[in-house]
Amino acid sequence: AADVSGAADRWGRAAATLAWALPVSVAVAIAGALVADRADLAPAAVGASLGLLGAGLAVSAVLSPVLPYPVPEAGGNPFSAQIGAVGASMVAQAVSSAVTGALGLPVVALLALALWRSPALSWPLLVLGAAWGALVLAAGIRVGGTVYERRQVWLLSRMR
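Numbering (our numbering) for the sequence shown: 14 to 173.
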């Protein structure tokens, strides 16, 4: 209900997720490459992870004001759902997954090329994946901020 721009709201939500998801994504990507005994692909794994993280947050920035659904109240049982919320959440999650997959396809394709064809693509993928994630995230926040501002009154009216 605070008077903030839609973009500021979307950036704030993204920053809260990035604060923990960014270091975790990087650590898991590196650990995965090391466990697979493919340290040469660690930069590619990090780049793909950053690209997918940016894509996921971009999709979330746009779809959260488009397809909102009720969630349990703070302190409530996270496994409880209000009547009608299950279907809405399933639709929102299916759409979100499909769009994130589509936006992440360029970095996943490059990761596949680095894995099966040319490990030399590993370092370029680190740079391209990070840039792609940042670019898609910035675009998602811009679009999501506009959508949020247009739907703000409706969204606030749905809150209990």
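Beta carbons: idealized from backbone N, C-alpha and C, even for Gly.
Since the model is a prediction, treat every value here as computed from it, not as a measurement.
- Setting aside the 5 residues that flank it on each side, SER135 is surrounded in the same chain by ASP53, LEU54, PRO56, ALA57, ALA127, each with a C-beta closer than 7 angstroms to its C-beta; the list follows chain order.
- Shortest Cα-Cα distance from ALA68 to any of ILE43, GLU86, LEU123, PRO119 involves PRO119.
- Between the C-alpha atoms of LEU35 and TRP24 there is a straight-line separation of about 15 angstroms.
- Taking every protein chain shown into account, the CB of TRP33 has fewer than 16 other CB atoms within 10 angstroms, so this residue is exposed.
- Cβ contact annotation for VAL108 (same chain, cutoff 8 angstroms, sequence separation greater than five): LEU76, LEU80, in chain order.
- Here the alpha carbon of ARG26 sits roughly 8 angstroms from the alpha carbon of ALA74.
- Buried is the label assigned to LEU116, since at least 16 other Cβ atoms lie within 10 Å of its Cβ.
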